[in-house]
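Participant: Have a look at this one before I ask anything.
Encoded structure:
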């Protein structure tokens, strides 16, 4: 389906363009952009949100992969000389290079097919980010915000909550987009913690523990983590080995990873190299 710019939404890029003015206004209100913010938009598409943000902050930067959209954006916003377009794949883009003196405020109507890996990529930059506002598949937002015991609770929520406070804001129906997706969407705000509530001694090891546990989420921890830790070790830090992976909170996963880090002979040197 093309639009007034003659651009065909491309399946390869998972494009669904936002067009509902009421939803756009609500998103802008939630972001509350300021003239001196370091704003970065991922996947501006045809510029529906871009237009509203540029009106407040003419130094907005965007990261866009689809080279067919770039001339459309340049033409539409030619009267904003400080507007910068980075033609790049957000999954590989170094957001750190955009940081000047202010932390980044990242916004994106993210393609569903890359939303999870992209969030993991951005969490690696969380030290230079003030906040992130994303339009995601509703189910992804539920997973980001899930707490122990929820059906949606898993690796994505634990690792996001390690770095950020997760606030689901509101849902958006398919009719707000062209073409309309087959799923409901939702807006979420991620605010990186100034101080990590449960810092792990070795972040990579924490990732490995969580990944291993949830690859066998229906099993007990005793079985799910058998390749990494003994029942005695789990019990020694007060964790019931008969629980399932979805019953443990972030603090318990960090406790397991820290116990493993302490029992690794080279753990003191792993620390320095383990930050993405």
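Numbering (my numbering), first residue to last: 29 to 304.
Glycine included, each C-beta is placed from N, C-alpha and C at the ideal position.
Note the first and the last residue of the continuous alpha helix (DSSP H) segment covering residue 306.
Facilitator: Residue numbering for the chain in the displayed model covers 29 to 304; residue 306 lies beyond these limits and cannot be assessed.
Participant: Between which two residues does the alpha helix (DSSP H) containing residue 265 stretch?
Facilitator: Translated into positions along the chain shown, residue 265 becomes position 237. Unbroken run through residue 265: none, as it is neither H nor E.
Participant: Using a threshold of 8 Å, state whether the C-beta atoms of residue 113 and residue 70 are closer than that.
Facilitator: Taking the first residue of the chain shown as 1, we reach residue 113 at position 85. Taking the first residue of the chain shown as 1, we reach residue 70 at position 42. It is not a contact, given that the beta carbons lie outside the stated cut-off.
Participant: Using C-beta distances below 6 Å, list every residue in its chain close to residue 86, excluding the 5 sequence neighbours before and after it, in chain order.
Facilitator: Counted from its first residue, the chain shown places residue 86 at position 58. Excluding positions up to five away in sequence, the list reads 108, 110.
Participant: Hey, how far is the Cα of residue 74 from the Cα of residue 60?
Facilitator: Indexing the chain shown from 1 puts residue 74 at position 46. Indexing the chain shown from 1 puts residue 60 at position 32. The alpha-carbon atoms of residue 74 and residue 60 are separated by roughly 21 Å.
Participant: In this structure, how does DSSP classify residue 296 when only helix, strand and coil are distinguished?
Facilitator: Numbered from its first residue, the chain shown carries residue 296 at position 268. With a pLDDT of 44 at residue 296, under the threshold of 50, the predicted position of this residue should be treated as unreliable, though the coordinate-derived value follows. Helix.
Participant: According to DSSP, what are the bridge partners of residue 220?
Facilitator: Here residue 220 refers to the residue found at position 192 when the chain shown is read from its first residue. BP columns for residue 220 point to 192.
Participant: Within 10 Å of its beta-carbon, does residue 14 have 16 or more other beta-carbons around it, so buried, or fewer, so exposed?
Facilitator: The requested residue 14 does not occur in the structure, where the chain is confined to residues 29 to 304.
Participant: Within this structure, are the beta carbons of residue 132 and residue 158 separated by less than 8 Å?
Facilitator: The residue you call residue 132 lines up with position 104 of the chain shown. The residue you call residue 158 lines up with position 130 of the chain shown. Going by C-beta atoms, residue 132 is nearer than 8 Å to residue 158.
Participant: Go ahead and pull the three-state DSSP assignment for residue 142.
Facilitator: Taking the first residue of the chain shown as position 1, residue 142 is located at position 114. It is coil, neither helix nor strand.
Participant: Out of 105, 57, 55, point me to the one whose CA is closest to residue 79's CA.
Facilitator: By 1-based counting over the chain shown, the position of residue 79 is 51. Residue 79 has its Cα closest to that of 105, out of 105, 57, 55.
Participant: Where does residue 136 sit, in a helix, a strand or coil, going by DSSP?
Facilitator: Position 108 of the chain shown, counted from the first residue, corresponds to residue 136. Three-state DSSP puts residue 136 in a strand.
Participant: Which residues bound the beta strand (DSSP E) around residue 235?
Facilitator: Indexing the chain shown from 1 puts residue 235 at position 207. Counting along the chain, residue 235 falls outside any beta strand (DSSP E), though it belongs to the alpha helix (DSSP H) covering 231 to 242.
Participant: Would you call residue 262 buried or exposed, if buried means 16 or more other Cβ atoms sit within 10 Å of its Cβ?
Facilitator: Sequence index remark: in the chain shown, residue 262 carries index 234 (1-based). Flag for residue 262 reads buried.
Participant: Which partner residues does residue 213 have in the DSSP bridge list?
Facilitator: Here residue 213 corresponds to residue number 185 of the chain shown, with the count starting at 1. BP columns for residue 213 point to 165, 200.
Participant: Less than 8 Å separating the beta-carbons of residue 277 and residue 196?
Facilitator: By 1-based counting over the chain shown, the position of residue 277 is 249. By 1-based counting over the chain shown, the position of residue 196 is 168. No.
Participant: May I have the straight-line CA-CA distance separating residue 236 from residue 269, to the nearest angstrom?
Facilitator: Against the chain shown, residue 236 aligns to sequence position 208. Against the chain shown, residue 269 aligns to sequence position 241. If I take the Cα positions, the gap works out to 18 Å.
Participant: Counting only runs that start and end within the segment 61 to 137, where is the beta strand (DSSP E) found for 3 or more residues in a row?
Facilitator: Fully enclosed beta strand (DSSP E) runs of 3 or longer: 66 to 70, 89 to 92, 112 to 115, 132 to 137.
Participant: How about residue 92 and residue 101: are their beta carbons less than 8 Å apart?
Facilitator: Locating residue 92 in the chain shown gives position 64, counting from the first residue. Locating residue 101 in the chain shown gives position 73, counting from the first residue. In this structure, residue 101 lies closer than 8 Å to residue 92 by Cβ.
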